[in-house]
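Each remark here refers to the structure printed beneath this line.
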Amino acid sequence: MKKIICFLMFLLLLTACQEKDSAIETWQRDELVKINEHPVKSEEAAVYGIQIKKEFEQIGGRDIWEFESFSGGKSAYEVAKTKVLENLIRVKILATKAEERKIKLTEAEEKEAVAKAEEFYADKKTMMAASVDTISPETITQVFLEFELGQKLKREMLRSFQPSPEMIAAKLAEDETYQALEKEDLREKYEHFMVQMTKLEINEGNQKRIEEIQNQLSENQGLTDAFSQSMVYQEEKYTRPELDAIFGQGFADDLRQNDEQLILSQDGTAYIYIKLVGIQLLAPEQLHLELKNQEQKKQKLREQAEESIRDESFDIIYKEWKKEANVEVNQEVWKEFEVFSLQTTK
Numbered sequence: 001m002k003k004i005i006c007f008l009m010f011l012l013l014l015t016a017c018q019e020k021d022s023a024i025e026t027w028q029r030d031e032l033v034k035i036n037e038h039p040v041k042s043e044e045a046a047v048y049g050i051q052i053k054k055e056f057e058q059i060g061g062r063d064i065w066e067f068e069s070f071s072g073g074k075s076a077y078e079v080a081k082t083k084v085l086e087n088l089i090r091v092k093i094l095a096t097k098a099e100e101r102k103i104k105l106t107e108a109e110e111k112e113a114v115a116k117a118e119e120f121y122a123d124k125k126t127m128m129a130a131s132v133d134t135i136s137p138e139t140i141t142q143v144f145l146e147f148e149l150g151q152k153l154k155r156e157m158l159r160s161f162q163p164s165p166e167m168i169a170a171k172l173a174e175d176e177t178y179q180a181l182e183k184e185d186l187r188e189k190y191e192h193f194m195v196q197m198t199k200l201e202i203n204e205g206n207q208k209r210i211e212e213i214q215n216q217l218s219e220n221q222g223l224t225d226a227f228s229q230s231m232v233y234q235e236e237k238y239t240r241p242e243l244d245a246i247f248g249q250g251f252a253d254d255l256r257q258n259d260e261q262l263i264l265s266q267d268g269t270a271y272i273y274i275k276l277v278g279i280q281l282l283a284p285e286q287l288h289l290e291l292k293n294q295e296q297k298k299q300k301l302r303e304q305a306e307e308s309i310r311d312e313s314f315d316i317i318y319k320e321w322k323k324e325a326n327v328e329v330n331q332e333v334w335k336e337f338e339v340f341s342l343q344t345t346k
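For the sequence shown, counting from 1, position 82 maps to 82 in the working numbering; every step adds exactly one.
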């Protein structure tokens with residue numbers, strides 16, 4: 001009985017070893033990754049590498065590769081290599097999903113993708129970053145066609161999705177550039193507040209007059225002409241920042257809304273009655289132009305916020321697809337694979 005058990009255990013171990021060897025043998029020469037049994041070789045991965053190198057250098061310049069601690073303790077090159085792997089896996093999965101849904105590129109879309117591939121291949125400076133000796137035009141075209149197919153899948157799936165105003169507002173609340181534009185009031189540079197001011201000393205002679213002014217202003221009636229004309233005014237011209245600096249933040253807006261204000265002087269010995277005569281607008285054409293440019297910037301950021309929400313929504317779907325996909329990485333080969341060359345000459 002013991003002999004039989006030992007023999008069975010030997011067979012199990014032998015089978016396990018054979019399966020392990022078989023798994024190793026499934027990797028053909030130069031295969032880096034398999035997505036749903038479809039292999040990706042170094043030539044194809046090198047196309048993604050060239051593109052990622054270009055994107056990184058557009059953001060951080062050619063010196064970016066000198067950073068040994070670029071993100072999470074990893075060098076810029078290590079981060080870029082991870083991005084290459086993520087990109088090629090994503091493109092392959094999306095292309096497969098598009099085919100499953102019978103989504104195809106139109107003739108015009110194919111021509112556009114092919115033209116981009118040809119431009120990519122013709123750029124000798126860009127191609128110098130290739131980590132392999134040869135990349136065929138056909139391989140580059142395949143990458144560009146699969147990428148465009150994935151993008152079309154995304155557009156089709158998000159066609160009816162419109163981010164809600166609340167979602168957009170929440171996204172813009174996190175955007176420091178948009179918030180700065182919202183707070184920026186261009187009128188400050190161009191508006192001059194024409195105001196009349198009179199000072200009323202706090203004493204028995206002025207007490208009745210001060211009370212009447214307070215009562216009338218509290219009722220939002222304004223002063224009667226006769227009462228107003230009995231005062232001695234000093235007319236001044238201020239910008240909005242100047243009014244806020246002298247009388248407190250928000251004073252200019254209050255004056256714009258109510259026309260009249262009664263405030264206590266800093267030393268507490270008098271009241272100052274301030275009346276808005278008018279607002280003089282300097283260089284109105286220039287102000288109009290700047291306001292238009294400001295709104296265009298805000299609109300662009302709103303569109304970017306919408307697109308970001310769409311991307312995030314689609315990423316949720318993609319992550320589920322990735323979980324379902326059979327993704328294998330030839331770790332030993334990938335570890336040694338150079339995704340792009342940092343040499344300037346080949």
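We put the beta carbon where it would ideally sit given N, CA and C, even for glycine. Keep in mind the model is a prediction, meaning the values are calculated, not measured.
Reference K92, options Q142, P241 and K183, closest by Cα
As a first step, residue 92 is located in the sequence shown; it is residue number 92 there, counting from the start. Ranking the options by Cα distance to K92, first place goes to Q142.
Between K97 and the rest of its own chain, which residues show a CB-CB distance below 7 Å, the 5 nearest in sequence each way excluded?
Taking the first residue of the sequence shown as 1, we reach residue 97 at position 97. Hits under 7 Å: L153 and W321.
With which residues is Q331 paired in a DSSP beta bridge?
In the sequence shown, the residue the question calls residue 331 occupies position 331. DSSP, once it has assigned bridges, lists no residue as partnering Q331.
Going straight from the alpha carbon of F340 to that of V132, what length do you get?
Taking the first residue of the sequence shown as position 1, residue 340 is located at position 340. Taking the first residue of the sequence shown as position 1, residue 132 is located at position 132. The straight-line gap from Cα to Cα measures roughly 8 Å.
Straight-line gap, K183 to K116 (C-alpha atoms, nearest Å)
For the purposes of this step, residue 183 is identified with residue 183 of the sequence shown, where counting begins at 1. For the purposes of this step, residue 116 is identified with residue 116 of the sequence shown, where counting begins at 1. The straight-line gap from Cα to Cα measures roughly 41 Å.
Helix, strand or coil: how does DSSP classify S308 here?
Sequence index remark: in the sequence shown, residue 308 carries index 308 (1-based). Helix.
Bridge partners for T198 per DSSP, in chain order?
The count along the sequence shown starts at 1 and reaches residue 198 at position 198. Per DSSP, Y273.
Using only the alpha-carbon positions, how far apart do F120 and E55 sit?
Reading the sequence shown from its first residue, position 120 is the one you call residue 120. Reading the sequence shown from its first residue, position 55 is the one you call residue 55. Taking the straight line joining both Cα atoms gives about 14 Å.
Report buried or exposed for L342, applying the criterion of at least 16 other Cβ atoms within 10 angstroms of its Cβ.
For the purposes of this step, residue 342 is taken as the residue at position 342 of the sequence shown. By the neighbour-count rule (16 or more Cβ atoms within 10 Å), L342 is not buried but exposed.
Closest to L255 by C-alpha separation, out of S71, I274, E31 and P165, would be which residue?
The residue labelled residue 255 in the question sits at position 255 within the sequence shown. Comparing Cα positions, the closest option is I274.
With three or more C-beta pairs closer than 8 Å as the rule, is the stretch 329-338 touching the stretch 194-205?
no
State the start and end residues of the unbroken alpha helix (DSSP H) segment that holds K81.
Position 81 of the sequence shown, counted from the start, is the residue given in the question as residue 81. First-last of the alpha helix (DSSP H) with K81: A76 to E100.
Reduced DSSP category for F337 - H, G, I as helix; E, B as strand; rest coil:
Numbered from 1 along the sequence shown, position 337 holds the residue referred to as residue 337. F337: coil per DSSP, three-state reduction.
Unbroken alpha helix (DSSP H) run spanning K125, endpoints:
For the purposes of this step, residue 125 is taken as the residue at position 125 of the sequence shown. Counting along the chain, the alpha helix (DSSP H) containing K125 begins and ends at K124 to M127.
Beta-carbon separation (whole angstroms), I168 vs R302, contact threshold 8 Å:
Position 168 of the sequence shown, counted from the first residue, corresponds to residue 168. Position 302 of the sequence shown, counted from the first residue, corresponds to residue 302. Sure, about 6 Å apart at Cβ, within 8 Å.
Leaving aside the five residues before and after A305 along the sequence, list all residues of the same chain whose C-beta is less than 6 Å from its C-beta, in chain order.
Taking the first residue of the sequence shown as position 1, residue 305 is located at position 305. Taken in chain order, the residues that qualify are I168, K171 and L172.
E212: which of Y271, Q257 and A180 sits nearest, CA to CA?
Start at 1 with the first residue of the sequence shown, and residue 212 comes out as number 212. When each option's Cα is compared against that of E212, the closest is Y271.
What runs of the alpha helix (DSSP H), each 4 residues or longer, lie entirely inside the stretch 135-200?
137-157, 165-173 and 176-183
Residue environment, L243, which counts as buried when at least 16 other CB atoms sit within 10 Å:
As a position in the sequence shown, residue 243 is number 243, starting the count at 1. Flag for L243 reads buried.
Reduced DSSP category for K104 - H, G, I as helix; E, B as strand; rest coil
The count along the sequence shown starts at 1 and reaches residue 104 at position 104. K104: coil per DSSP, three-state reduction.
Using alpha carbons as the reference points, say which of E100, A45 and L105 lies closest to K81.
The sequence position of residue 81 within the sequence shown is 81, counting from 1. Answer by Cα proximity: A45.
C-beta contact flag for K145 and L105 at 8 Å
Numbered from its first residue, the sequence shown carries residue 145 at position 145. Numbered from its first residue, the sequence shown carries residue 105 at position 105. This sequence places Leu at residue 145; Lys is not what is there. For L145 and L105, yes; Cβs fall inside 8 Å.
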